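Participant: The numbers in this note's numbering rise by one with no breaks, and the one at position 240 of the sequence shown is 245.
Next up is a structure, given as C-alpha cells.
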Amino acid sequence: MKYEDVAIPLGHAWSSPFAKWQGTLAETSSLDLAVAVTGRALAERDLDPSWFDGIVLGTTVPQPDLFYGAPTLAARLGATGLTGPMVSQACATSVAALQAAAGAVAAGAARQLVVVADRTSNGPTVIYPSSRGQGGAPVVTHWVLDAFAQDPWAGQAMLATAEAVAAESGITREELDDLTALRWEQYRAALADDRAFQRRYQVPVEIKRRKGSVVLDADEGVRSKERTAIGQLPPAASDGVHTFAAQTHPADGCAGAVVTTREEARSRSESGIARILSSGVARVRKSRMPEAPVPAARAALAAAGLDFTDLHAITTHNPFAVNDVYFCRETGVKPADMNAYGCSLVFGHPQGPTGLRSITELIETLRLRGGGLGLFTGCAAGDTAAAMVLEVTDR
C-alpha cells in the first residue's frame with residue numbers, strides 16, 4: 006500500500022518505557038496508561054487534543070471500560086468531540102493503527118492521533134456460557150496465556166514456530182546466541198550518556214492515585230544478554246536451539262504518534278518530517294511465523310519502489326532471535342545494520358505498542374544520521390507480519 010501525502014512531524018512519535026510482566030504497571034489499566042502517557046506527550050508538544058480530526062486506538066488485551074474504546078480515550082484527554090476506531094491485530098497492531106490513520110488522512114481527515122497501549126500482565130480470564138457442556142459448565146479461557154500457548158488454527162505454540170524455522174533453515178544455537186548478544190550491545194548504546202537516545206522519544210509514566218503514584222521512567226525487566234552467560238543457558242525446549250535469552254519477554258506499555266499531511270507535519274516541526282511512504286503485510290505457511298517479516302518487508306518496499314539496498318536504517322519486532330537471523334539470510338542485510346539501539350528481543354513486548362516503539366526508534370535513528378529511508382518489519386500471530394517504509398526528510 007502506497008501513501009502519497011502522509012507524514013509524522015519529527016518529534017511527534019513517542020513511547021512510554023516498557024514495564025516487565027507483573028511489574029510496575031501490572032495493576033494499571035492500559036486505558037489509564039494511555040490517558041497518562043498521551044496527555045503528557047501532547048502537553049510536552051504543545052498540542053491541544055481538540056486540534057485532531059480523529060483518533061485511532063490500538064490494543065489487543067481487554068481492559069475494564071475498553072468496550073467504548075477510542076471515544077472514551079479522547080474524552081478523557083479533553084477532546085469530547087473526537088472519535089475513531091479501535092484496531093487490533095496482535096503484534097501487528099501498531100502498523101494496522103498507522104494504516105488506519107493514513108487512510109483517514111488520505112480521505113481528508115488530516116489530523117490523526119494514534120495511540121497504542123496494552124497490558125499483558127493480569128490478562129483477563131474469560132468465561133463463555135455453554136449450556137451444552139457437562140452440567141452446563143462454562144468454557145474458560147485466559148486471554149493472554151492461552152494465546153501464548155497455542156495458535157488455535159495451526160495448533161502450535163509461538164516458540165514451536167521459531168524452532169521449526171530454525172530447524173528447516175539450519176540455523177544453529179551459536180548463530181542465535183551471537184545475534185542475541187549483538188542486540189544486547191545495541192540496546193546498551195541506547196543507555197549511553199544517561200539514556201540520551203531513549204530520552205529523545207520516551208514519555209515517563211506518572212499516574213497519581215489516592216495513595217502514592219505509579220511511576221515508571223525507564224524500561225523495567227531488561228536482563229543482560231552477555232554472550233558468555235547466555236551461551237551457558239539450557240534450551241527453552243528440550244530439543245530446541247532457543248534459550249529464554251533468545252526470546253522476548255511479555256511487557257506493558259503505550260506508544261503514540263501524530264499522523265497528518267506533509268504540510269501540517271512541517272507546520273508542527275521545524276526539524277522536518279517522517280513521510281510514511283508505504284506499508285505491506287504477508288502471511289506464510291502454517292507455524293512459520295518468523296519467516297513472515299521478509300515478504301511483508303518486500304511488499305512494503307515494492308509499494309514504495311525501493312529495495313533493501315536503498316535503506317539507511319532498519320528496525321524489527323523480533324520476539325525470537327531466529328527472526329533476524331532468517332531475515333538477514335534472505336535479504337543480505339547484515340545483522341549489525343539493523344536495530345541500532347536494540348529491539349523487542351531485549352526491551353520486551355507488550356504486543357500492541359511494540360511496533361510503534363520500534364518505528365519511533367527508527368525515526369530517531371534516521372534523524373541522528375541526517376535523514377534517509379527506513380524500514381520497520383515484524384511478525385504477528387497467525388503466521389503473519391506487517392511492515393512500513395518511512396523517509397525522514399526536511400521536505
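C-beta: ideal position from N, C-alpha, C; glycine also.
Keep in mind that this is a model prediction, so the values were computed, not measured.
Just to confirm my understanding: we take Ala114, look at its own chain, exclude 5 residues before and 5 after, and list those with CB closer than 8 Å. What are they?
Facilitator: What you label residue 114 is simply residue 109 of the sequence shown in a count that begins at 1. Non-local C-beta neighbours of Ala114 in its own chain, meaning closer than 8 Å and more than five positions away in sequence, comprise Asp58, Gly59, ordered along the chain.
Participant: Secondary structure at Ala95, three-state DSSP: helix, strand or coil?
Facilitator: As a first step, residue 95 is located in the sequence shown; it is residue number 90 there, counting from the start. In the structure shown, Ala95 sits in coil (DSSP, three-state: anything other than H, G, I, E or B).
Participant: Taking Cβ positions, are Gly63 and Gly285 nearer each other than 8 Å?
Facilitator: For this step, residue 63 is matched to residue 58 along the sequence shown. For this step, residue 285 is matched to residue 280 along the sequence shown. In this structure, Gly63 lies away from Gly285, with their beta-carbon atoms at least 8 Å apart.
Participant: Rounded to a whole number of angstroms, what is the C-alpha to C-alpha distance between Ala102 and Val299?
Facilitator: Stepping through the sequence shown from its first residue, residue 102 is reached at position 97. Stepping through the sequence shown from its first residue, residue 299 is reached at position 294. C-alpha separation (whole angstroms): 21 Å.
Participant: Mind listing, in chain order, the continuous beta strand (DSSP E) runs of no fewer than 3 residues lying wholly within the region 16-86?
Facilitator: 18-20, 59-63
Participant: How many Å lie between Ala167 and Lys216 at the Cα?
Facilitator: Within the sequence shown, the letter at position 162 stands for residue 167. Within the sequence shown, the letter at position 211 stands for residue 216. Going from the Cα of Ala167 to the Cα of Lys216 covers about 44 Å.
Participant: Between which residues of its own chain and Asn344 is the CB-CB distance below 7 Å, once the five residues before and five after are set aside?
Facilitator: Sequence index remark: in the sequence shown, residue 344 carries index 339 (1-based). Closer than 7 Å at the Cβ level, and outside the excluded window around Asn344, lie Arg188, Gln191, Thr320, Thr321.
Participant: Check Met393 in the structure and name its three-state DSSP category.
Facilitator: Position 388 of the sequence shown holds residue 393. In the structure shown, Met393 sits in a strand (DSSP, three-state: E or B).
Participant: If the criterion is Cβ atoms closer than 8 Å, does the pair Leu38 and Ser126 meet it?
Facilitator: For this step, residue 38 is matched to residue 33 along the sequence shown. For this step, residue 126 is matched to residue 121 along the sequence shown. Taking 8 Å as the Cβ cut-off, Leu38 and Ser126 do not qualify as a contacting pair.
Participant: Have a look at Arg214, Thr177, Met91, Arg124 and flag the residue whose alpha-carbon is nearest the alpha-carbon of Arg334.
Facilitator: Within the sequence shown, numbered from 1, the residue matching residue 334 stands at position 329. For the residues Arg214, Thr177, Met91, Arg124, the minimum Cα distance to Arg334 belongs to Thr177.
Participant: With H, G and I counted as helix, E and B as strand and the rest as coil, what does DSSP make of Val351?
Facilitator: Sequence index remark: in the sequence shown, residue 351 carries index 346 (1-based). Here Val351 sits in helix by DSSP.
Participant: Under DSSP, the alpha helix (DSSP H) around Thr253 begins and ends at which residues?
Facilitator: Indexing the sequence shown from 1 puts residue 253 at position 248. Per DSSP, Thr253 belongs to no alpha helix (DSSP H) and is neither H nor E.
Participant: Whole angstroms are fine: how far does the CA of Ser55 sit from the CA of Thr98?
Facilitator: Working through the sequence shown from its first residue, we reach residue 98 at position 93. Working through the sequence shown from its first residue, we reach residue 55 at position 50. Answer to the nearest angstrom: the Cα atoms are 25 Å apart.
Participant: Among the residues of its own chain, which have a CB less than 8 Å from the CB of Ala194, if the five just before and after it don't count?
Facilitator: Mapped onto the sequence shown, residue 194 falls at position 189. These residues qualify, in order along the chain: Phe202, Ala345, Tyr346, Gly347.
Participant: Between Val110 and Val264, what straight-line distance do the alpha-carbon atoms span, to the nearest angstrom?
Facilitator: The residue given as residue 110 occupies position 105 in the sequence shown. The residue given as residue 264 occupies position 259 in the sequence shown. Cα to Cα, Val110 sits roughly 8 Å from Val264.
Participant: Nearest CA to the CA of Gly258: which residue from Met294, Asp123, Pro90?
Facilitator: Within the sequence shown, numbered from 1, the residue matching residue 258 stands at position 253. Taking only the C-alpha atoms, the option nearest Gly258 is Asp123.
Participant: Asp182 and Ala279 - do their beta-carbons sit closer together than 8 Å?
Facilitator: For the purposes of this step, residue 279 is identified with residue 274 of the sequence shown, where counting begins at 1. For the purposes of this step, residue 182 is identified with residue 177 of the sequence shown, where counting begins at 1. Their beta carbons are not under 8 Å apart, which means Ala279 does not touch Asp182 by this criterion.
Participant: Is it buried or exposed, Val66, if we count other Cβ atoms within 10 angstroms and call 16 or more buried?
Facilitator: Within the sequence shown, residue 66 is the residue found at index 61, counting from 1. Looking at its Cβ environment, which holds 16 or more other Cβ atoms inside 10 Å, Val66 is buried.
Participant: Taking three-plus beta-carbon pairs below 8 Å as touching, is the region 311-319 in contact with the region 367-383?
Facilitator: yes
Participant: Quick check on this structure: which residue in Val119, Gln104, Phe332 has the alpha carbon closest to the alpha carbon of Gly74?
Facilitator: Taking the sequence shown and counting its residues from 1, the one referred to as residue 74 is at position 69. The candidate whose alpha carbon is nearest that of Gly74 is Val119.
Participant: What number of angstroms, rounded off, separates the C-alpha of Trp158 from the C-alpha of Leu380?
Facilitator: As a working mapping, residue 158 is identified with position 153 in the sequence shown. As a working mapping, residue 380 is identified with position 375 in the sequence shown. C-alpha of Trp158 to C-alpha of Leu380: approximately 30 Å in a straight line.
Participant: Label Pro134 either buried or exposed according to how many other C-beta atoms from any shown protein chain fall within 10 Å of its C-beta, with 16 as the threshold for buried.
Facilitator: The residue given as residue 134 occupies position 129 in the sequence shown. By the 10 Å Cβ count, Pro134 comes out exposed.
Participant: Buried or exposed, going by whether 16 or more other CB atoms sit within 10 Å of the CB of Leu150?
Facilitator: As a working mapping, residue 150 is identified with position 145 in the sequence shown. Exposed, since its Cβ has fewer than 16 Cβ neighbours within 10 Å.
Participant: By Cβ distance, which residues of its chain are closer than 7 Å to Asp342, with the 5 residues on each side in sequence left out?
Facilitator: By one-based count along the sequence shown, residue 342 stands at place 337. If we look at Asp342 and ignore the five residues flanking it on each side, its Cβ neighbours are Ile319.
Participant: Going by alpha carbons, who is nearest to Phe6 out of Glu396, Arg362, Leu282?
Facilitator: Looking up residue 6 in the sequence shown gives position 1. Note that residue 6 corresponds to Met in the displayed sequence, not to Phe. Of the candidates Glu396, Arg362, Leu282, the one whose C-alpha sits nearest the C-alpha of Met6 is Leu282.
Participant: So the alpha helix (DSSP H) Glu275 belongs to, where does it begin and stop?
Facilitator: Position 270 of the sequence shown holds residue 275. Where Glu275 is concerned, there is no enclosing alpha helix (DSSP H), given that its DSSP letter is neither H nor E.
Participant: Given that a residue counts as buried once 16 or more other Cβ atoms are within 10 Å of its Cβ, and exposed if not, what is Phe352?
Facilitator: Along the sequence shown, read from residue 1 onward, the residue named residue 352 stands at position 347. With 16 or more other Cβ atoms within 10 Å, it is buried.
Participant: Could you check if Phe325 is buried or exposed, using at least 16 other CB atoms within 10 Å of its CB as the buried criterion?
Facilitator: For the purposes of this step, residue 325 is identified with residue 320 of the sequence shown, where counting begins at 1. With 16 or more other Cβ atoms inside 10 Å of its own Cβ, Phe325 counts as buried.
Participant: What's the call for His147, buried or exposed, on a 16-neighbour Cβ count within 10 Å?
Facilitator: Counting from one through the sequence shown, the residue named residue 147 turns up at place 142. His147 is exposed by the Cβ-count criterion.
Participant: If you drop the 5 nearest sequence neighbours on each side, which residues of the same chain put their C-beta closer than 8 Å to that of Gly310?
Facilitator: What you label residue 310 is simply residue 305 of the sequence shown in a count that begins at 1. Here the set comprises nothing.
Participant: Taking the straight line between their C-alpha atoms, what separation do you get for Gln161 and Gln27?
Facilitator: Along the sequence shown, one-based indexing puts residue 161 at 156. Along the sequence shown, one-based indexing puts residue 27 at 22. Taking the straight line joining both Cα atoms gives about 25 Å.
Participant: Do Gly226 and Asp399 count as a contact pair if the criterion is CB distance below 8 Å?
Facilitator: On the sequence shown, residue 399 is found 394 positions in, with the first residue counted as 1. On the sequence shown, residue 226 is found 221 positions in, with the first residue counted as 1. Not in contact: Asp399 and Gly226 (Cβ atoms no closer than 8 Å).
Participant: Looking only at C-alpha atoms, which of Leu71, Thr185, Arg116 sits nearest to Ser272?
Facilitator: What you label residue 272 is simply residue 267 of the sequence shown in a count that begins at 1. Answer by Cα proximity: Arg116.
Participant: Short check: CB of Val338 to CB of Val170, under 8 Å?
Facilitator: Counting from one through the sequence shown, the residue named residue 338 turns up at place 333. Counting from one through the sequence shown, the residue named residue 170 turns up at place 165. Result no, Cβ atoms of Val338 and Val170 do not sit closer than 8 Å.
Participant: Between which two residues does the beta strand (DSSP E) carrying Phe332 extend?
Facilitator: To locate residue 332, count along the sequence shown from 1; it is residue 327. First-last for Phe332: 326-336, but that is the alpha helix (DSSP H), not the beta strand (DSSP E).
Participant: Ignore the nearest five residues each way along the sequence and tell me which others in Ala105's own chain have a CB closer than 7 Å to its CB.
Facilitator: Looking up residue 105 in the sequence shown gives position 100. In its chain, beyond the 5 residues on either side, Val61, Pro90, Val92 have a beta carbon closer than 7 Å to the beta carbon of Ala105.
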